Each structure stands twice: as structure tokens, then as C-alpha cells.
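Single-structure report; data block below.
Residue numbers (the working numbering): 1 to 129.
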């Protein structure tokens, strides 16, 4: 998969964060982006569209199914999917990596940091840390 072909799922209950990330991603590349504000709805979408999403960017504190639970489910069923967890609570970082997250971004994050991490993970999915 190339960086420009990546299909990205953004899950955050904060509409500002969600919209900002989507607009930035769509503006800089021609990537396909889907969004959800709920972990459960995102999980249902992933089950329905499993082969169609390459990167999942999820906040740790989303309703219905938190980001860590979503991470656990995705990595168990779709270990090849790239998962980036975001949180304003730095205590989530260690847990996220222990559960299989490919990257962690502390909120608020710089959009350029997100792009750098995504590019590294897409081009070399082994271990960008």
C-alpha cells in the first residue's frame, strides 16, 4: 500500500478534532477518510468494511466502546490494521503499546506529527517507535 492510497478511519467524539483531522488528511492527499464519534459504531463499520480500512486513529475516551477496547478488538481480529491511539491522558500510552497500538499521540497533537507517524507506519509497518 502506498501512503496516498491509505484508507483511514478517524474516531473521536469531539467534532472539532474529528473534522480538523479529516480536513487536514483530505487536503494534503487524496486519501479516503471515514469518521465516527462512537467506538461501537466504528467497530460495526470495521466488521462490515474490514478489508477497506488501513489505518485507524481513535481517541481513548470515546463513547459506547472506549479506544482501548476498540484497539484490543481490532488487533485481535485484524492484526494487520495500523492503529494510532490518541489521548490527553499520557497514562494511556503504556497500556496502548502493551495492547498492540502501532503509535500513540498525546493530545493536543500537531497534525504534522500525525502525518509523520502515518507515513512511517504505512511505508514500514514493522515498528516505527
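For each residue, glycine too, the CB sits at the ideal point set by N, CA and C. Predicted model, so just to flag it, every value in this text is computed and none were measured.
Boundaries (first-last residue) of the alpha helix (DSSP H) holding residue i
| i | result |
| --- | --- |
| residue 46 | 39-48 |
| residue 24 | 15-28 |
| residue 101 | Segment: none, residue 101 is in no alpha helix (DSSP H) and carries neither H nor E. |
Alpha carbon of residue i to alpha carbon of residue j, nearest angstrom
| i | j | result |
| --- | --- | --- |
| residue 12 | residue 67 | 9 Å |
| residue 18 | residue 119 | 19 Å |
Buried or exposed by the 16-neighbour rule on C-beta atoms within 10 Å, applied to residue i
| i | result |
| --- | --- |
| residue 124 | exposed |
| residue 92 | buried |
| residue 130 | Outside the shown range of the chain (1 to 129) lies residue 130, about which nothing can therefore be said. |
For residue i, three-class secondary structure by DSSP
| i | result |
| --- | --- |
| residue 109 | coil |
| residue 78 | coil |
Sub-7 Å separation of residue i and residue j beta-carbons
| i | j | result |
| --- | --- | --- |
| residue 132 | residue 32 | Not covered by the structure: residue 132. The range shown for the chain is 1 to 129. |
| residue 88 | residue 107 | yes |
Host beta strand (DSSP E) of residue i (start-end)
| i | result |
| --- | --- |
| residue 34 | 32-36 |
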